[in-house]
Amino acid sequence: MEERDGVWLPGGRWRLWEQFALRGPGFPASGVLRLAPPGLAEAADKFVSLDAPEPGPGGAGSAPGAGAGADAPAARAGAGADADGDEWAGFAALFADAAVESAHALQDIARTPAFREAVAWQNRPVLTSGVAPFLAWTPTAAGRTSMPRQREELVAHYWQRFCVKNDTIGFFGPVGWGRWDLAAPGVEVEPGEGLTAATEVYFAGWAIDALAARMDADPALREWVAPRRVPFVRVSGTEVTVPGRPARTAGPDAAAVLALCDGRRPVREIRSALPGVDVPAVLADLVARRWVVWKLEVPAGARPERALREWLGRVGDARARRPWLAALDSLERGRDRVREAAGADRVVAALTELEGAFAGLTETAAVREKSAGTAPCRAVVYADCRRSATVRAGRAVHEALAPLEPLLDASAWLTARLAEAVTAEAREVYARLAADGPVDLASFWFACMPVLHGTARARADALQREFGERWASVLEVPPDARRVSRSLAEVAGRVAERFGTGAGSGAGAGADGGTGSGAGRGADAGTGGGAAQGAGGAWTAARYVSPDVMVAATGAEAVERGDFQLVLGELHLAANTLGASLFVHQHPDRGALVRLTDRDHPRPRLMPLLPKEHRSRLSARTRHALVRPQDYHVALVDLTSGAGRPRTVLSADVAVTERDGRLVVVLPDGAEFAAVDVFAHVLTTLAMDLFRILPEDGHTPRVTVDRLVVARETWRLPGAGLDFAGEKDEARRFVRARAWRARHGMPRFVFVALPTEPRPFYVDFDSPVYVNILAKAVRRMVRREPEARAVVTEMLPTPEQAWLVDDEGRAYTSELRFVAVEEEG
1 MEERDGVWLP
11 GGRWRLWEQF
21 ALRGPGFPAS
31 GVLRLAPPGL
41 AEAADKFVSL
51 DAPEPGPGGA
61 GSAPGAGAGA
71 DAPAARAGAG
81 ADADGDEWAG
91 FAALFADAAV
101 ESAHALQDIA
111 RTPAFREAVA
121 WQNRPVLTSG
131 VAPFLAWTPT
141 AAGRTSMPRQ
151 REELVAHYWQ
161 RFCVKNDTIG
171 FFGPVGWGRW
181 DLAAPGVEVE
191 PGEGLTAATE
201 VYFAGWAIDA
211 LAARMDADPA
221 LREWVAPRRV
231 PFVRVSGTEV
241 TVPGRPARTA
251 GPDAAAVLAL
261 CDGRRPVREI
271 RSALPGVDVP
281 AVLADLVARR
291 WVVWKLEVPA
301 GARPERALRE
311 WLGRVGDARA
321 RRPWLAALDS
331 LERGRDRVRE
341 AAGADRVVAA
351 LTELEGAFAG
361 LTETAAVREK
371 SAGTAPCRAV
381 VYADCRRSAT
391 VRAGRAVHEA
401 LAPLEPLLDA
411 SAWLTARLAE
421 AVTAEAREVY
431 ARLAADGPVD
441 LASFWFACMP
451 VLHGTARARA
461 DALQREFGER
471 WASVLEVPPD
481 ARRVSRSLAE
491 VAGRVAERFG
501 TGAGSGAGAG
511 ADGGTGSGAG
521 RGADAGTGGG
531 AAQGAGGAWT
541 AARYVSPDVM
551 VAATGAEAVE
561 RGDFQLVLGE
571 LHLAANTLGA
581 SLFVHQHPDR
591 GALVRLTDRD
601 HPRPRLMPLL
611 PKEHRSRLSA
621 RTRHALVRPQ
631 DYHVALVDLT
641 SGAGRPRTVL
651 SADVAVTERD
661 GRLVVVLPDG
671 AEFAAVDVFA
681 HVLTTLAMDL
691 FRILPEDGHT
701 PRVTVDRLVV
711 ARETWRLPGA
721 GLDFAGEKDE
731 ARRFVRARAW
741 RARHGMPRFV
751 FVALPTEPRP
761 FYVDFDSPVY
771 VNILAKAVRR
781 MVRREPEARA
791 VVTEMLPTPE
801 QAWLVDDEGR
811 AYTSELRFVA
821 VEEEG
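If you use full-length UniProt numbering, the sequence shown corresponds to residues 1 to 825, in order.
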């Protein structure tokens, strides 16, 4: 094989970025263990009945000794809910004392300055409405009425997120970084100094848009605003065409004004160029026809205030400009005070002051209401931080990661088939349009909407079913299995057979993975004379897969001596998630990420412009930020990058045609790209949830390939089956929950996902407060969605398997987010 630089998986098809992200919370993992009273679980298990019915599949009886782990009770069934007498009275007293001790522990947590500051960033009204009264309360067994218990659960719920959820937000989820070093034996941590190395506070895009809207309403600034043509409006002389409508003829004045609406010329310049034309009146008519947008727009980005300041700098009227510069100065000073604030009280004061100034300047509420159509950032500002600790991953981790390769090969099959299905239907749309003459991208895009948002979903669902069936024949999971172990050689060979990928060639390759044949799937998009199809007929971004991998080890030394496992979390298909703004702007050297991108894409890319935000998957933090000057932006509907950016084209000005049997788009400067890249965001959105190697049955086992856990043990159970949730007595609820857990053979630590909760949450079955949180969430689910199921997944690694340490030796849960790139042939 030809020697190549970089970090490769053994088969030589997938290259890993040398840089990877380190995701983890900002509080030590041991924090959650404080809420498990010593000895209480063992005392509770004395009341687990041994004469209950035999459990069904996935229960403790399905694989004796294999599933629950050493901490699971050996008994098989329900709780002694009818227990009474002196023994139960003794346990009830023990439980009451433990509950009071847990309340004291939660108060200690709630007093912690870092905890209070984290809550201030998350939801500061809670400090007053929940945390303050909780701290003012004196815990006693008799005093633990409904409201104090709710406040206990409130603190505990935030605490589990801050201690064991691998988030990336603020100092309680700082962005960390690492790199591959195959000369190192295992994982090496350089803890740095303190938790965070850098903190930055950003304006939410919607907040700067609100200020821009106020400026736009100022008559003194209107002539400095540059109108722009709507991206899908095609103009040819005096003929104006909107997709799906007959062409209209614009009058000579309208045509002249429309020709100058490029988003760069302010109205005053258009007026100077067209003496004798009532430009504002013509513009008002063009806006009413929805051919033109004439408003002050701020490009999407991490620093929208800078773009707004730059625009103000182009306003030649100092008197008109001055008050708005002062307004922007005021907001930026407020943001800086927030960034410099230390401690919850100062953070709250600085945020309150900033929001008051914002509301006064914009006449807009400083906190947005929750909405299905908006991104999660509801506040005026948000914070992101960079973790002080950095990591080097060495040979042991690289060797253990080898089983990732057949999963990546199968994912490439999935994205290629999805692209083929959508492209086949898009080709029919093109043929229908082309029968009437040349096709522009705007008309093609709108004509494809029924495909992209209709039949493509059905195609994706069918592909997912087929994908699952093929994986079923790869893994051959026995019925009722709790643990399934396979070798890389057998999995790689079967994946090659079932998916026709040519995978498996590297199963016996050298462990260093430094060489490989690099069987690629097509060239990258280029310019001028040669459109290139994406990987395997897929879109360009489909060359990327971003896996989250956790190292289950008690410390870095354990990894070095081989006492560890890798655990696959999510596999993000068709996306380089490290290109998201939240990662890029927390990297100490953004240029290093750009250079990695250059290596992947030596030629320009075509990148569709997206709305500024939409639901939870598109916001300023998640927007792709590794865009280079040579890359093209195409505005399909939204023009969010700024009309003045070079290599930004409007969909109405782009042609769609066929080249050598392939659909391509031809840009005004002659550059050509595969038409499938226009659908990139829609296809990635469809693909991201398709990767599923096990069925969504009531119980699925842990599946391990060599040293990599590719699926954690999971239970999907109807809410009514969590019978302990309705128990009113806390002590009996705790006993019944432990019996329910024993019946299903679940481990002590799990994550639970419910359709009625915003995100999965941690549960420790040794902790009454976390059992209470689970029970309350289940009751809420049953009320709202009676037929819904709870998804319970083993926590792996556990809180004791945390190897990432800070400069004081405290250990944190973590995951490594890699970027895998399929190499071109």
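Ideal placement from N, C-alpha and C gives every residue a C-beta, glycine not left out.
All values reported here derive from a predicted model rather than from experimental measurement.
Quickly, what does DSSP pair residue i with across the bridge? List them, please.
i	result
residue 546	572
residue 696	Answer is none; residue 696 lacks a bridge partner.
residue 762	751
residue 385	199
residue 586	Bridge partners of residue 586: none, in fact.
residue 178	20, 391
residue 822	14
residue 137	DSSP output for residue 137 lists no bridge partner at all.
residue 635	650
residue 8	15
Which stretch, first to last residue, makes up the beta strand (DSSP E) that contains residue i?
i	result
residue 815	815-817
residue 255	Residue 255 -> not in any beta strand (DSSP E); alpha helix (DSSP H) instead, spanning 252-260.
residue 717	714-718
residue 187	187-190
Closer than 7 angstroms by C-beta to residue i: which residues in its own chain qualify, once you throw out the five before and the five after it? Chain order, please.
i	result
residue 708	400, 401, 403, 404, 566, 568
residue 31	159, 163
residue 172	25, 26, 27, 118, 162
residue 529	Reliability fails at residue 529, whose pLDDT of 33 lies under 50, so the model's placement of it is uncertain and the value that follows must be treated cautiously. Counting only Cβ-Cβ distances below 7 angstroms, and skipping sequence neighbours, we find nothing.
Would you mind sorting residue i into buried or exposed? The rule is 16 or more other CB atoms within 10 Å of its CB.
i	result
residue 367	exposed
residue 764	buried
residue 827	Here the chain has residues from 1 to 825 only, and residue 827 is not among them.
residue 534	A caution first: residue 534 carries a pLDDT of 40, below 50, which makes its placement in the model too unreliable to give a value.
residue 745	buried
residue 801	buried
residue 536	With a pLDDT of only 49 at residue 536, under the threshold of 50, the placement of this residue in the model should not be trusted; the figure read from the coordinates follows. Buried, because 16 or more other Cβ atoms sit within 10 Å of the Cβ of residue 536.
residue 699	buried
residue 423	buried
residue 449	exposed
residue 97	exposed
residue 767	buried
residue 563	exposed
residue 141	exposed
residue 660	exposed
Among residues of its own chain, excluding the 5 on either side of residue i, which ones have a beta-carbon nearer than 6 angstroms to its beta-carbon?
i	result
residue 486	705
residue 201	335, 338, 339, 381, 383
residue 740	724
residue 714	700, 793
residue 27	162, 163
residue 210	362, 364
residue 586	175, 384, 386
residue 771	734, 737
Hey, could you find the ends of the alpha helix (DSSP H) residue i is sitting in?
i	result
residue 801	First-last for residue 801: undefined, no H or E at that position.
residue 541	Unbroken run through residue 541: none, as it is neither H nor E.
residue 348	344-362
residue 322	318-340
residue 91	85-111
residue 879	Shown here, the chain extends from 1 to 825; a query on residue 879 therefore has no answer.
residue 781	768-784
residue 477	Where residue 477 is concerned, there is no enclosing alpha helix (DSSP H), given that its DSSP letter is neither H nor E.
residue 794	Taken as a continuous stretch (DSSP letters only), residue 794 belongs to no alpha helix (DSSP H), being part of the beta strand (DSSP E) at 789-794.
Skipping 5 residues on each side, what residues in its chain have a beta carbon closer than 8 angstroms to that of residue i?
i	result
residue 135	107, 110, 111
residue 113	343, 344
residue 647	604, 629, 630, 631, 632, 633
Tell me whether the beta-carbon of residue i lies closer than 8 angstroms to the beta-carbon of residue j.
i	j	result
residue 227	residue 283	yes
residue 777	residue 757	yes
residue 293	residue 411	no
residue 385	residue 620	no
residue 860	residue 643	Residue 860 falls outside the range modelled here, since the chain spans only 1 to 825, and no answer is possible.
residue 658	residue 665	no
residue 223	residue 388	no
residue 543	residue 498	no
CB of residue i to nearest heavy atom of the ligand FMN: below 7 angstroms?
i	result
residue 323	This structure does not include the ligand FMN; it has no bound ligands of any sort.
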